[in-house]
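Novice:
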Amino acid sequence: MAIQVKEIHSKTLLTQATGYLDIGFTHSLNPYSGCAFACRYCYVRELPIQKFKGIPWGEWVDIKMNAREVYRKEIIKFRKKERPINLYMSSATDPYQPIERKACITRGLLEEMLFYPPDFLVIQTRGPLIERDIDLLIQLKERCKLLVSMTIETDREDVKRIFAPFAPSIHKRLKALQKLHLANIPTQAAISPLLPFTPEFPKILKGFVDYIWIDTLTIGDGAQGRRSSRLKMPQVFEEHQWSEWYKRDLHKSVETYFIQFFPKEMIRISKEEAFLR
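If you want the working numbering, it's the 1-based position in the sequence shown plus 1.
1) Let's see if you can read the secondary structure: which residues bound the alpha helix (DSSP H) around lysine 176?
2) Near threonine 126, which residues of its chain fall below 6 Å by C-beta distance, leaving aside the five closest residues on each side in sequence?
3) Per DSSP, what are the beta-bridge partners of arginine 133 in this structure?
4) Helix, strand or coil: how does DSSP classify tryptophan 246 here?
5) For the region 171 to 186 against the region 238 to 257, do three or more pairs of beta-carbon atoms, one drawn from each stretch, fall closer than 8 Å, so that the two count as touching?
6) Quick one: what does DSSP say alanine 190 is sitting in, helix, strand or coil?
7) Compare the beta carbon distance of aspartate 211 and histidine 252 with 9 Å and say whether it is the shorter of the two.
8) In three-state terms, what does DSSP make of lysine 52?
9) Rounded to the nearest angstrom, how far is the Cβ of glycine 59 from that of alanine 37, given a contact under 8 Å?
10) Between the alpha carbons of proline 203 and histidine 10, how many angstroms are there, rounded?
11) Measure from the alpha carbon of alanine 3 to the alpha carbon of each residue in Trp61, Gln17 and Ile24, then state which is nearest.
12) Which parts of the region 51 to 129 are runs of the beta strand (DSSP E), unbroken and 3 residues or longer, counting only runs that do not cross its ends?
13) Starting from tyrosine 258, trace the alpha helix (DSSP H) in both directions and tell me its first and last residue.
14) When burial is assigned at 16 or more other CB atoms within 10 Å of the CB, is leucine 115 buried or exposed?
15) Let me know the secondary structure DSSP gives tyrosine 44 once reduced to three states.
16) Mind checking whether leucine 175 and tyrosine 44 have CB atoms under 9 Å apart?
17) Rounded to whole angstroms, what's the CA-CA distance from threonine 257 to serine 34? Just pull it up for me.
18) Using the three-state DSSP reduction, which class does serine 271 fall into: helix, strand or coil?
19) Inspect the beta-carbon positions of threonine 152 and serine 193 and report whether they are closer than 9 Å.
20) Just to confirm, are alanine 190 and leucine 206 a CB contact at a threshold of 9 Å?
21) Run the CB neighbour count on threonine 155, radius 10 Å, all protein chains shown included, and call it buried at 16 or more, exposed below.
22) In the DSSP output, which residue or residues are listed as bridge partners for phenylalanine 28?
23) Is lysine 7 helix, strand or coil by DSSP?
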């Protein structure tokens, strides 16, 4: 799949947290616009940034070349207000998508955070490339509260290929989580969105994570399932005879199942528990 890559300069970088993130986070931080992983269920497909782009989701990426400088300027300004700065990176892109290997925008931001740390940083990704930055993450966790949240939406590669064919394999993501965990970096498996999995799923996460976060397409797309419906996710589930995995209260039964393998305090559910307090 050809990707249209464009270098841009952003006037702002830290976006005030609203909607789903307005539960403790103060800002979202997106090093890029667009995402080459192109997951079929991604709610960003339904946001204005994509609706008016004119290029299919997954086929364009804008590199925010001045992200590091803008971050420094903005956090210095926000620090003067003497309020907490809790960042979610990222809400509308993946900070470790393939272009990051060359562009290093995310790495540059982490380097800047060593001098101007937030109070809390959640890095949300499905990119094993984050292993490259373990050296910085080890330093950063001494300067702020840090959590690396790796999307592991299923343990079935056949399911992953249907919903996210361009995303890294589950195996590679698990290996990255293990390396982060062994480096004493706080880790989370984000089962988001929750896709069909095998009974062995909880077992393969044991020893890799500090937290499990569960979210579904019907309660976690930022619109109570309406965006997922517009993306025809119910039809996709039905087509593959997985309709029982699209129930609105599915997160409850999955939480009950995971509690058999993990302490209840390790398991968190959707928006209400997305911010680690």
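Just so you know, even glycine gets a beta-carbon here, dropped at the ideal spot from N, CA and C. These numbers were taken from a predicted model, which means no experiment stands behind them.
Specialist: In this structure, then:
1) That run of the alpha helix (DSSP H) goes 171 to 183.
2) Non-local beta-carbon contacts of threonine 126 in its own chain, meaning distances under 6 Å to residues more than five positions away in sequence, involve Asp95, Pro96 and Tyr97 in chain order.
3) Beta-bridge analysis with DSSP links arginine 133 to no other residue.
4) In this structure, tryptophan 246 counts as helix in the three-state DSSP scheme.
5) Judged by Cβ distances under 8 Å, the region 171 to 186 makes no contact with the region 238 to 257, as fewer than three pairs qualify.
6) Here alanine 190 carries a strand assignment [DSSP, helix/strand/coil].
7) No.
8) Correct three-state label for lysine 52: helix.
9) With a Cβ gap of about 6 Å, glycine 59 and alanine 37 count as contacting.
10) For proline 203 and histidine 10, the distance between alpha carbons rounds to 42 Å.
11) Among Trp61, Gln17 and Ile24, the Cα nearest to that of alanine 3 is on Trp61.
12) Taking only runs of at least 3 residues, the beta strand (DSSP E) segments lying wholly in the region 51 to 129 are 61 to 65, 87 to 90 and 121 to 126.
13) Here the alpha helix (DSSP H) through tyrosine 258 covers 251 to 259.
14) Counting the other CB atoms within 10 Å of its CB gives leucine 115 a total below 16, which places it among the exposed residues.
15) Of the three classes helix, strand and coil, the one that applies to tyrosine 44 here is helix, per DSSP.
16) Between leucine 175 and tyrosine 44, the C-beta gap is not smaller than 9 Å, which leaves the two residues out of contact.
17) When rounded, the distance between both Cα atoms is 37 Å.
18) DSSP places serine 271 in the coil class of the three-state scheme, outside both helix and strand.
19) The beta carbons of threonine 152 and serine 193 sit closer together than 9 Å.
20) For alanine 190 and leucine 206, yes; Cβs fall inside 9 Å.
21) The residue in question, threonine 155, is buried, as its Cβ has 16 or more Cβ neighbours within 10 Å.
22) Looking at the sequence itself, residue 28 is histidine, so the reference to phenylalanine does not match. Beta-bridge pairing links histidine 28 to Gln17 and Leu88.
23) If DSSP states are grouped into helix, strand and coil, lysine 7 belongs with the strands.
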